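When we follow our numbering, the leftmost residue of the sequence shown carries the number 256, and every step to the right adds one.
Note that beta-carbon positions come from the ideal geometry of N, C-alpha and C, so glycine has one too.
No experiment lies behind these values; they were computed from the predicted model shown.
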Amino acid sequence: MRFADLPWDPEVVVGWRRLVAEGRHPVLLVVGEDATPVSIAFIQAWLCQSLEEGDACGRCQSCQYIRRGMSHPDLEVVFPLTSALEKEMQKEGVPAPVAHWQKLFRQYSHGFVPPDLWLTYITQGGGMPVLPANRLRQFLQSVHRLPVVGSYVVGWIWQAQLLGTSGNILLKLLEEPPAHLRIILTASTLSPILPTIRSRTLIVSVPPLSSERVMTYLTTGLRYRVEEVAKVIPWCAGSVTRAVRLLEPEVRQAYSLAREGWELLADESSASWWRWLQAVEQAPRPIQQSIPEWWLLFLRKWMEDEPKAPMHNGGSPAILMYRLVDRLHRAQTALRHHIPSAIVLYLVLRELQQWLPVGWRSVPASSSGALS
Ligand SMILES: [Zn+2]
């Protein structure tokens, strides 16, 4: 992935290339839904043996290493794991999580790798995704070695929003990295990252793209069909990563299920509501987990498009939201023994509370009890 291949405005890309060419900032925090391809462009440029005005040449040995799945002798990566998978990492040879991670990056060779695919993979046997403290300590040790191919060793923390307080392990390194080291932290959002980390990095915000640019990139750059892309454009919020994800068949199945449930919210018949919940119960877990996100997208889009319009049944947006929360709360209480749906609904409730006007924030606190 070269900067020249990215779909952003030339003025934006020139700024990123200048950062590499000037070489004054050894620690970057790249933030945004599309932060991964931009991070890869930085990594490839830093490792390139024949830099061209701040961009990788695309031809040298280093560039080929990167193209073959983010495996380079001078690249050290830390990505999220669960505690069970962290044990796998101690094994000899190429540990299974590393092989799977590289496969994912080869599969999405354009760099717009949906992080949820990785998070779903690592959590399928249970457990929480974290950037394990042990891995960060090993990272500290390994980045002090000297480069063997190019001028720099590059350390990459992927999904840095999951660092939590373990991020403190990195503070000294971020403060004074050795001269041969470049560090890049990639995060989908900034808010979970400790201020102590933020203040030691140069933050590179990756802006959302216009719908036209997403369309052009997906249809001419990645060769998707115009009719297919047109369907997902309203839901991708200017992110190619999200659009790429939405274009996958199982995501389309999730969309249909989420949409069906959403349409039912204004329906007074509890029979159809319960039928839908049963369908959710039978759906694969990743699909269940995606429903809250879909509903939030629907809610946001609907509020943007028609903030004052009455609903088709004559209700107002506030009434719909009230119904939504009330219905979810009742369903959640009834489903307390059906954990997957209860989790889905609990997450939706929690997220929705942020969207409700102050007077509506009265979802009973005990609703979280269904999970405890
Ligand atoms: Zn190169």
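So, helix, strand or coil for residue i, using DSSP?
i, result
"Leu477", "coil"
"Arg530", "helix"
"Leu347", "Note that residue 347 is Glu in the sequence shown, not Leu. Coil at Glu347, not helix or strand."
"His567", "Here the model assigns His567 a pLDDT of 49, short of 50, so the residue's position is not dependable, and the following value carries that caveat. Note: His567 maps to coil in three-state DSSP."
"Arg257", "coil"
"Leu449", "coil"
"Pro619", "Note on Pro619: pLDDT 43, under 50, position unreliable in the model; no value is reported."
"Gln416", "helix"
"Ala442", "strand"
"Leu336", "strand"
"Asp264", "coil"
"Val404", "coil"
"Glu277", "helix"
"Met535", "Looking at the sequence itself, residue 535 is Val, so the reference to Met does not match. Helix at Val535."
"Val506", "helix"
"Glu308", "coil"
"Val385", "strand"
"His399", "coil"
"Ser525", "helix"
"Phe367", "coil"
"Ala492", "coil"
"Trp271", "helix"
"Ser545", "helix"
"Glu341", "helix"
"Met325", "coil"
"Ser421", "helix"
"Gly516", "helix"
"Glu467", "helix"
"Ser454", "coil"
"Pro432", "coil"
"Cys315", "coil"
At a threshold of 7 angstroms, does residue i count as lining ligand 1 (C-beta to nearest heavy atom)?
i, result
"Gly313", "yes"
"Cys303", "yes"
"Ser317", "yes"
Name the one or two DSSP bridge partners that residue i has.
i, result
"Leu330", "Val409"
"Thr378", "Looking at the DSSP assignment, Thr378 forms no beta bridge with any residue, so it has no partner."
"Arg437", "Val409"
"Ser460", "Val286"
"Leu552", "According to DSSP, which records beta bridges pairwise, Leu552 is partnered with nothing at all."
So residue i packs on residue j, CB below 8 angstroms; how close in whole Å?
i, j, result
"Leu374", "Ser421", "At roughly 17 angstroms, the Cβ-Cβ gap does not stay under 8 angstroms, so Leu374 and Ser421 are not in contact."
"Phe367", "Val499", "5 angstroms"
"Val495", "Leu464", "7 angstroms"
"Thr471", "Leu429", "Actually they do not touch by this definition, with Cβ atoms about 37 angstroms apart."
"Ala710", "Ala290", "The chain is shown from 256 up to 627; residue 710 falls before or after that span and cannot be answered."
"Val285", "Ser294", "5 angstroms"
"Arg404", "Gln304", "According to the sequence displayed, residue 404 carries Val and not Arg. That pair is a contact at about 7 angstroms."
"His214", "Val408", "The question about residue 214 has no answer, for the chain in this structure spans 256 to 627."
"Ile424", "Leu395", "7 angstroms"
"Leu302", "Asp329", "6 angstroms"
"Val469", "Gly493", "6 angstroms"
"Trp550", "Trp529", "18 angstroms between Cβ atoms; not a contact."
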